[in-house]
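Written out below as structure tokens is the structure these notes cover.
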Amino acid sequence: MALSTKLFQRSSSTAVFGARSMSWWRSVQPAPKDPILGVTEAFLADPSPNKVNVGVGAYRDDNGKPVVLECVREAERRVAGKLNMEYLPMGGSVKMVEETLKLAYGETSEFLKDKRIAAVQSLSGTGACRLFADFQKRFRPDSNIYIPVPTWANHHNIWRDAQVPQRTFHYYHPETKGLDFAGLIDDIKNAPSGSFFLLHACAHNPTGVDPSEEQWKEISYEIKGKGHFAFFDMAYQGFASGDPERDAKAIRIFLKDGHLIGISQSYAKNMGLYGQRVGCLSLLCEDEKQAVAVKSQLQQLARPMYSNPPVHGPLIVSTILGDPDLKNLWLREVKGMADRIIGMRTALRENLEKLGSPISWEHITNQIGMFCYSGMTPEQVDRLTNEFHIYLTRNGRISMAGVTTGNVGYLANAIHEVTKSA
Amino acid sequence: MASTMLSLASVSPSSSISIHDTHKGKIKLGSLERSNLFLKTEPVGRVSMVAAVNTSRFDGVTMAPPDPILGVSEAFKASTNEKKLNLGVGAYRTEELQPYVLTVVKKAENLMLQRGENKEYLPIEGLAAFNQATAELLFGADNPVIKEQRVATVQGLSGTGSLRLAAAFIERYFPGAKALISSPTWGNHKNIFNDAGVPWSEYRYYDPKTVGLDFEGMIADIKAAPEGSFVLLHGCAHNPTGIDPTPDQWEKIADVIQEKNHIPFFDVAYQGFASGSLDADAASVRLFAARGMELLVAQSYSKNLGLYAERIGAINVVLTSSDTAVRVKSQLKRLARPMYSNPPIHGAKIVANIVGDPTLFSEWKAEMEMMAGRIKNVRQKLFDSLCAKDKSGKDWSFILKQIGMFSFTGLNKTQTENMTNKWHVFMTKDGRISLAGLNLAKCEYLSDAIIDSYHNVS
């Protein structure tokens, strides 16, 4: 082809530009490893036969294997190869969004009837939080976000990249390994009126510590008193107690109290659709007109990020939620996952107590959801990894989903070893 | 809904957006006053609460304008005229004007279903098998940049998402650097750079006089730009014009880019779709890589594999060393994590399965040739019809010279309005028609519409 001769002619002039072969990207430093996803990378690289991964929050069955729910497999069979892959609208699958809002706001929610919810399909929970953060930046440029201590590490990255300044509020109480309720309430009261608060709707990540229903009512009252905005990250609906309605309790309290909230929802865990990236961002507005305007602006933010969201995941979701039998199957399967985790919490605690640990491990069964904030120090965690090939994040967070009847004994032993002289 | 509750905030936030409701009677509150303010109360524990509506923090949010491209399809759907023709969005249609799922894609999906793989999170950078396949497809498996591991590849959310990752990277590591985009270009390019915070300006590209490339203007504008700018180039099948530089012109474009120490940034959304050949359509990118230049390339499988809604693509950065590639990749990941954590798995698996299987890969190439072939046939028929019907002697050969899914007809805004209002042909206001939405049967009708609009409307 003519091109090759041209290339030959060019090579002499490339020599002139040889000095240009120094890279543009010299200043690019290697990024630090992601604290959560880096754990799995390290686990995969470990050749030890005893290795245990209690790092990333992905559900495992009692054999330590990833699970694809039966309802999901059935939904996949129904949709495989049938539909074309034409672009979804920028707001995503309307059907999936409708079903998803019902889960959060209630099947018969008047807000749905009155069309007061601005909602778009999002790239799982991360995408929903990021869209909201960008929206907050664009329409409330002077606002901050109050983030609980501790929280999922990526929350900080999201609001930082959206350029929304961050503040923190008290949440975890290390002494009791429970909720620092007084500190939380104080921080709500002391924040300037009209601040934005990030709340975990259920199964707080990483601590597993949730407010009680009474405490949620108080939190709602105080937030309302200061005219704050409540944004809920709900990544574990169904996964905490086993009952999605129960897990939405905090949100329903706020709705009843008249807050205009925002919600990020994810199907990564409760439907096991991790890699499909299916979620939803919703904002409750004053009326339908405002909801239409807000939705249009959310779409405007999504368009230069990814144009329109992926179709496969939502097809699965709407197939399942739109069919009463499949939906019931899903509810049973979610309860099954939650029950297994609750069972493992009990087992881990009992094992540690039987070993005669000097520390109280009550918090393992007090906490809820996928994670347990063990209270171990980074140094103790390092020992767990280096000596026992147990992989978890350095904040001491154990993903209970990675605990099985097969490894709970080994895990308890190892934890006992590194904490017995604490 | 119930009574409106006055906001209990006593201080209004200093926002530029007016939130009139919160200014209403700045109420100073003690707990006693609160419970006396409202008629309807509901006991909650020891505290009286009011079930009422809060004023919204987002009162000032106005309605966003409709998307200029996606809005066309909506208007088409609303039309009841039986002659209507949708030449708006660039999604491939069969000769029967139906959407098309490639046979290889159905086969790949069935394979995946049989295997029953899990749906675990992909790593932040995406599916490794996909990343390898996509880079090899673009550069050629035995290209030195691949062999020397000098390409940082990260799976992205189709073309848009890949472009956005690159734009965010530019903003972070080359603050103040400008992006140069063609005039015209795909409408979303400027949105992407705007939202990423990268300043941009245009270089001349389309020449309405010739309905061809304004090559002199293009070179001059690239030359005039500040050194170290990022030049956005369409790898093949320019959107919206369908006008591509010749190989000789590509050489000269590469010359001026090197001369000004600019960085080439390719958007490759139509590899295989332009000429029918994957390799031929990658020639421009390979030309630049062969010169030892560092470059960025965004890819999409929306059109060439019909995977539109699966959102599958990639951002590739070619560096001078493998070490730099590792570092750049790690930073691209760091930008992706707070955007969506990790990319969707389904489309990546489809691509990896097809490209990784020699039989499926050959079948894909055949289907792509078929799709590109159908478009070429339609171009020919349209050209023939126009020449036959138009007695004015106007030169319609630009239809044959242009390539890919789109054709820039040269019709102006009023003329395109005539196309829609009188002839029920739906297209974008810039005069672009999507040939993927045209079939042989409708070419004559379309010719009539174009001739009428061109000659009888100003």
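So the protein lines, in turn, are chains L and Z.
Take -5 as the starting number for the first sequence in this note's numbering and just add one per residue.
Take 3 as the starting number for the second sequence in this note's numbering and just add one per residue.
Yeah, the Cβ is synthetic: ideal placement off N, Cα and C, and Gly gets one too.
Since the model is a prediction, treat every value here as computed from it, not as a measurement.
Under 9 Å from the C-beta of residue i: neighbouring residues of chain L
| i | result |
| --- | --- |
| Z:Q251 | Those within 9 Å of Z:Q251 in chain L number zero; the least Cβ separation is about 12 Å. |
Cβ-based burial, residue i [other Cβ within 10 Å; buried from 16]
| i | result |
| --- | --- |
| Z:N196 | exposed |
| L:H253 | buried |
| Z:D246 | buried |
| L:E212 | buried |
| Z:E111 | buried |
| Z:S449 | buried |
| Z:K443 | According to the sequence as given, residue 443 of chain Z is Ala; it is not Lys. Exposed, because fewer than 16 other Cβ atoms sit within 10 Å of the Cβ of Z:A443. |
| Z:S184 | buried |
| L:Q291 | buried |
| Z:S460 | exposed |
| L:R391 | buried |
| Z:K391 | exposed |
| L:H198 | buried |
| Z:H457 | exposed |
| Z:D216 | buried |
| L:R71 | exposed |
| Z:N344 | buried |
| Z:M341 | buried |
| L:D333 | exposed |
Minimum Cβ-Cβ distance from residue i to chain L less than 9 Å
| i | result |
| --- | --- |
| Z:A130 | no |
| Z:L384 | no |
| Z:A354 | no |
| Z:G349 | yes |
| Z:S332 | yes |
| Z:M407 | no |
| Z:P186 | no |
| Z:M370 | no |
| Z:T434 | In the sequence as displayed, the identity of residue 434 of chain Z is Arg instead of Thr. It does not; no Cβ of chain L falls within 9 Å. |
| Z:L115 | yes |
| Z:L34 | Any reading at Z:L34 must be qualified, since the residue scores a pLDDT of 34, below 50, and its modelled position is unreliable; the value itself is stated next. Not an interface residue. |
| Z:D197 | yes |
| Z:G118 | yes |
| Z:N190 | yes |
Cβ-Cβ separation, residue j to residue i (assumed contact under 8 Å), whole Å
| i | j | result |
| --- | --- | --- |
| L:H164 | L:G177 | 3 Å |
| L:D128 | L:L295 | 5 Å |
| Z:R174 | L:A25 | The Cβ separation is near 11 Å, so there is no contact. |
| Z:G90 | Z:F428 | 5 Å |
| L:G396 | L:N47 | 5 Å |
| Z:E365 | Z:V106 | 5 Å |
Under 7 Å from the C-beta of residue i: neighbouring residues of chain Z
| i | result |
| --- | --- |
| L:I152 | P340 |
Interface flag, residue i vs chain Z, CB-CB below 9 Å
| i | result |
| --- | --- |
| L:K0 | Here the model assigns L:K0 a pLDDT of 42, short of 50, so the residue's position is not dependable, and the following value carries that caveat. Closer than 9 Å: yes. |
| L:E373 | no |
| L:R391 | no |
| L:A69 | no |
| L:A52 | yes |
| L:H306 | yes |
| L:R271 | yes |
| L:V328 | no |
| L:T120 | yes |
| L:R124 | yes |
| L:S258 | no |
Per-residue contacts from residue i into chain L (C-beta, under 8 Å)
| i | result |
| --- | --- |
| Z:A93 | E80 and Y81 |
| Z:P125 | L31 and E35 |
Partners in chain Z for residue i, counting only beta-carbon separations shorter than 9 Å
| i | result |
| --- | --- |
| L:P303 | L159, A311, R313 and P346 |
| L:L267 | K121 |
Chain-ordered chain L contacts of residue i [CB-CB under 7 Å]
| i | result |
| --- | --- |
| Z:K391 | Simply none; closest approach about 33 Å. |
Chain A contact residues for residue i, given Cβ-Cβ distances below 7 Å
| i | result |
| --- | --- |
| Z:I194 | Among the protein chains in the structure shown, which are L and Z, there is no chain A. |
Residues that residue i contacts on chain Z, provided the C-beta gap is smaller than 8 Å
| i | result |
| --- | --- |
| L:D40 | Per Cβ cutoff of 8 Å: no residues; L:D40 is ~17 Å from chain Z at best. |
| L:V397 | Here the premise fails: no neighbours, minimum Cβ distance about 18 Å. |
- Give, in chain order, every residue of the segment 158 to 169 of chain Z whose Cβ lies closer than 9 Å to some Cβ of chain L. G158, L159, S160, G161, T162, G163, L165, R166 and A169
- Message: Beta carbons nearer than 8 Å to chain L: which residues of the segment 335 to 347 of chain Z have them?
- Response: K335, R336, L337, R339, P340, M341, Y342, S343, N344, P345, P346 and I347
- Residues of the segment 277 to 294 of chain Z with Cβ closer than 8 Å to any Cβ of chain L, in chain order: A285, L289, A292, R293 and G294
- Chain-ordered residues of the segment 157 to 169 of chain L with a beta carbon less than 8 Å from chain Z: none
- Interfacial residues, the segment 293 to 312 of chain Z to chain L, with Cβ spacing under 7 Å: R293, G294, E296, G308, L309, Y310, A311 and E312
- Query: Between the segment 341 to 373 of chain L and chain Z, which residues of the former have CB atoms less than 7 Å from a CB of the latter, in chain order?
  - Reply: none
- Query: For the segment 56 to 79 of chain Z, which residues have a beta carbon sitting closer than 8 Å to at least one beta carbon of chain L?
  - Reply: N56, T57, S58, R59, F60, D61, G62, V63, T64, M65, A66, D69 and L72
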